[in-house]
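Down below is the structure, laid out as structure tokens.
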Amino acid sequence: MSLTKPLRLLLLGAPGSGKGTQTSKLLAKIPTLTSISSGDLLRKEISIKSSIGKTASKYIEKGDLLPDSIILDLIYKELSDKNWLSPNATWLLDGFPRTLNQAIGLDNRLSKHNVNINLVVELDIPEDVILQRVENRWVHIPSGRVYNTQYNPPKIPGKDDITGENLSKRPDDNAQVFKQRLQKYHNEITPLKKFYENQNILHKVSGETSDIIFPKLYNLIISKFGKS
Ligand code: AMP
Numbered sequence: 001m002s003l004t005k006p007l008r009l010l011l012l013g014a015p016g017s018g019k020g021t022q023t024s025k026l027l028a029k030i031p032t033l034t035s036i037s038s039g040d041l042l043r044k045e046i047s048i049k050s051s052i053g054k055t056a057s058k059y060i061e062k063g064d065l066l067p068d069s070i071i072l073d074l075i076y077k078e079l080s081d082k083n084w085l086s087p088n089a090t091w092l093l094d095g096f097p098r099t100l101n102q103a104i105g106l107d108n109r110l111s112k113h114n115v116n117i118n119l120v121v122e123l124d125i126p127e128d129v130i131l132q133r134v135e136n137r138w139v140h141i142p143s144g145r146v147y148n149t150q151y152n153p154p155k156i157p158g159k160d161d162i163t164g165e166n167l168s169k170r171p172d173d174n175a176q177v178f179k180q181r182l183q184k185y186h187n188e189i190t191p192l193k194k195f196y197e198n199q200n201i202l203h204k205v206s207g208e209t210s211d212i213i214f215p216k217l218y219n220l221i222i223s224k225f226g227k228s
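First residue of the sequence shown? That's 1 in full-length UniProt numbering, and the numbers climb one at a time after it.
Right under this line is the structure:
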């Protein structure tokens with residue numbers, strides 16, 4: 001798909017709702033699109049044992065969100081490093097902003113460059129479906145590639161398809177921590193959605209599987225930003 005104007009997209013969705021899967025599918029369809037996932041970024045920092053990684057792991061293991069100022073600085077640095085503050089850049093954010101404070105902080109910074117988020121899509125998936133998904137989820141940490149032992153298994157069990165490296169279970173993908181994350185998500189997301197609703201850029205796509213969700217998401221983007 002080619003776009004007729006720059007897309008600056010935020011995907012919202014409960015943990016385990018498939019934001020990563022939808023992101024990969026969009027990247028494959030829209031050549032100019034690039035993405036940042038705050039969770040992937042943090043897991044990379046943890047794997048290289050950086051100082052921010054050490055701080056992050058304390059929060060992530062408990063299912064808590066990192067303080068807004070830490071994550072805002074980290075993401076903003078990434079945005080500038082990737083040249084996303086340029087008016088022609090087309091990009092997608094996954095997992096950030098996640099609180100009203102983060103959204104306001106990001107909006108203020110993006111406003112200076114006139115590159116505010118111009119589409120927000122909430123992925124709406126039933127909770128029982130999400131819970132099952134999380135139990136079966138494995139990730140390749142260096143790349144962020146996600147597998148599901150049920151409907152998207154790796155070719156060799158426990159190994160990444162591309163590099164052959166080991167897959168890991170995320171420490172926060174267990175029932176107890178997960179329920180806490182889900183509860184936190186619902187608490188945080190309501191004011192965030194209001195914020196984008198007031199800007200008239202909030203949309204929702206519903207469905208049980210990523211194959212049902214993706215065409216809806218894709219068509220929404222085409223209708224607003226492109227031609228297929
Ligand atoms: P995710 O992969 O998006 O589910 O994120 C995994 C964990 O990283 C979360 O449970 C938080 O601990 C942390 N995290 C990711 N994004 C954010 C954010 N925008 N604000 C604060 N913490 C975050």
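Backbone N, C-alpha and C define an ideal beta-carbon position, used for all residues, glycine too.
Length of the line joining the Cα atoms of residue i and residue j
i	j	result
ARG133	ASN118	30 Å
ASN88	PHE225	13 Å
ASN101	LEU65	12 Å
THR90	ILE30	10 Å
ASN114	LYS155	44 Å
THR163	PRO153	15 Å
SER35	ASP94	7 Å
GLU78	ASN187	27 Å
LEU33	ARG109	21 Å
LEU182	GLY13	10 Å
THR209	TYR151	10 Å
LYS216	GLU61	33 Å
ILE189	ILE201	15 Å
GLN199	GLU122	15 Å
ASN214	LYS82	According to the sequence provided, residue 214 is Phe. The question's Asn does not apply to it. Roughly 26 Å separates the two Cα atoms.
TYR147	TRP138	5 Å
SER50	LYS227	42 Å
ILE104	MET1	31 Å
ASN116	PRO6	11 Å
ASP173	ASP68	22 Å
THR99	VAL205	20 Å
Closer than 9 Å to chain C by CB, residue i
i	result
LYS155	The structure shown contains no chain C, having only a single protein chain.
Under the three-state DSSP convention, the category residue i falls into
i	result
GLU122	strand
VAL139	strand
ILE36	strand
LYS159	strand
GLY63	coil
LEU167	coil
LEU92	strand
LEU7	coil
SER24	helix
Closest Cα partner of residue i within the set the options
i	options	result
ILE125	SER80, LYS19, LEU93	LYS19
ASN166	GLN183, HIS140, GLU127	HIS140
ASN136	THR4, ASN198, PRO157, LEU85	PRO157
ILE70	LEU42, ASN83, ILE48	LEU42
HIS203	ILE221, THR149, LEU92, LYS82	ILE221
LEU74	ILE60, SER86, ALA56	ALA56
VAL129	GLY207, LYS159, GLY53, GLY39	GLY207
TYR59	ALA28, LEU9, SER168, GLN180	GLN180
Expected contact under 8 Å - CB spacing of residue i and residue j to nearest Å
i	j	result
TYR185	VAL120	So it is not a contact: roughly 15 Å between Cβ atoms.
GLY16	VAL177	Wrong, their Cβ atoms sit about 12 Å apart, outside the cutoff.
LEU26	LEU92	6 Å
PRO97	LEU3	With 8 Å as the limit, PRO97 and LEU3 do not qualify as a contact, their Cβ atoms being about 23 Å apart.
THR23	LEU11	7 Å
GLY39	GLU45	That pair is no contact at about 11 Å.
SER47	PRO142	7 Å
ASP160	ARG170	ASP160 to ARG170, Cβ: 15 Å. No contact.
Next item on the list: Jot down the residue ranges of each uninterrupted beta strand (DSSP E) in the region 170–208, minimum 3 residues, whole runs only, in chain order.
Entry: As far as the region 170–208 is concerned, its whole beta strand (DSSP E) runs of at least 3 residues are 202–206.
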